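**Student:** In this note's numbering, each residue carries its 1-based index in the sequence shown increased by 776.
Each residue gets a CB set at the ideal place from its N, CA and C atoms; glycine is no exception.
Computed from a predicted model, the values in this text were never measured in an experiment.
Below are the structure tokens for one structure; questions will follow.
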Amino acid sequence: MQFDFTIDTYLKLLAKFEEKGYQFQSFSDYLKSPQQKVVILRNDVDKLPENSLRFARIQSNLGIKGSYYFRSVRESWDEGIIKEISNLGHEIGYHYENLAIAAKLALSHNHKNNSSDILDLALLDFKNQLNRLRGIVPVETICMHGSPTSIYDSKDLWKKFNYSAFGIIGEPYFDIDFSRVFYLTDTGRCWNGFNVSVRDKIKKYQKIWNANGMVYKSSFSIIKALDNNELPNQIMMTFHPQRWNDLNYAWCKELIFQTLKNPLKKGLLRFRKI
């Protein structure tokens, strides 16, 4: 019997991409010099940073480089791990959620801030947290954290401001041409979680991908698609390393947690009509 979201399955997935001639790039490397047949390897460190370190070591041993996006919260931020992943040759980026945090902070202090005030507060937090991360390692790119329980989408910060003003060269949701780059994410502990994802999805192109049958529930269905040469040459893959474990208690815990969480997120989507 095959089990998904195990380290063994992860290794098989990487090996199959390599077998089919794909190269792996960090997001910043892709922006500077995109390969023709490539997987942009994105790792969102939402929590359990030790899992991300394990991923980084696996990738390094295989000669693969990727991007690791750290949140500025306790469950993600670990300076020792951030340094070690960077020293392995991987890119470190900022997994920002400042608009959601600023709105929550304003609410907790009973501030009657208007939207502009919250945006200004969010930008200040963004600058401070970006500088804090840059005090540890170089940072060239950022990536939004979805913050599904918040009504605020932190990407909206860039409707008023410009991240390039802070020496940032890219944000995946803005700086990847998804008419050319196919997006796969393990959000919801599956590869077709766009139905339960609040923000980690590409709405415009997901409809096109669905119509073309480019929907893959499991890692094994992705491997099968690779064997059949069905995947496009340019792909961004987002992994949440906390979901990937050996077949043990942590694996079972994540399975149960996501099985319970996904229907709640789907209900939230219907309520907000996102």
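1) Between the C-alpha atoms of Tyr939 and Gln778, what's the straight-line distance to the nearest angstrom?
2) Can you find the residues in the same chain that come closer than 7 Å, C-beta to C-beta, to Leu1044, ignoring five residues on each side of it along the sequence?
3) Note down, one range per segment and in chain order, each alpha helix (DSSP H) of at least 4 residues found wholly within the region 810 to 862.
4) To which residues does DSSP link His871 through a beta bridge?
5) Report the option in Asn1009, Ile945 and Ser994 whose CA atom is closest to the CA atom of Gly797.
6) Mapping DSSP to helix, strand and coil, what is Thr925?
7) What is the residue span of the beta strand (DSSP E) that Ile1011 lies within?
8) Quick one: residues in its chain with C-beta nearer than 8 Å to the C-beta of Arg908, no 5 flanking neighbours on either side, listed in chain order?
9) Alpha carbon to alpha carbon, how far is Ala987 from Lys859? Give it in angstroms, no decimals.
10) Less than 8 Å between the CB atoms is what I'm expecting for Thr961 and Thr1014, so what's the real figure, rounded?
11) Spell out the partners DSSP gives Asn1021 in its beta bridges.
12) Are the beta-carbon atoms of Ile840 and Ile783 separated by less than 9 Å?
13) Helix, strand or coil for Tyr959, going by three-state DSSP, please let me know.
14) I need the straight-line Cα distance from Tyr786 to Ser995, nearest angstrom please.
15) For Pro1017 and Leu1007, I'd like the C-alpha separation in whole angstroms.
16) Which residue comes first and which comes last in the beta strand (DSSP E) that contains Phe800?
17) Taking the Cβ atom as the reference point for each residue, do Leu1002 and Phe781 lie within a distance shorter than 9 Å?
**Tutor:** Judging by the given coordinates:
1) 43 Å
2) For Leu1044, the predicted model reports a pLDDT of 48, less than 50, meaning its position is unreliable; a value from the coordinates is still stated below. Once the five neighbours on either side are set aside, the close Cβ partners of Leu1044 are Pro924 and Val974.
3) 825 to 837
4) Cys919
5) Asn1009
6) coil
7) Gln1010 to Phe1015
8) Ser848
9) 42 Å
10) 4 Å
11) Thr782
12) no
13) strand
14) 8 Å
15) 23 Å
16) Gln799 to Gln801
17) no
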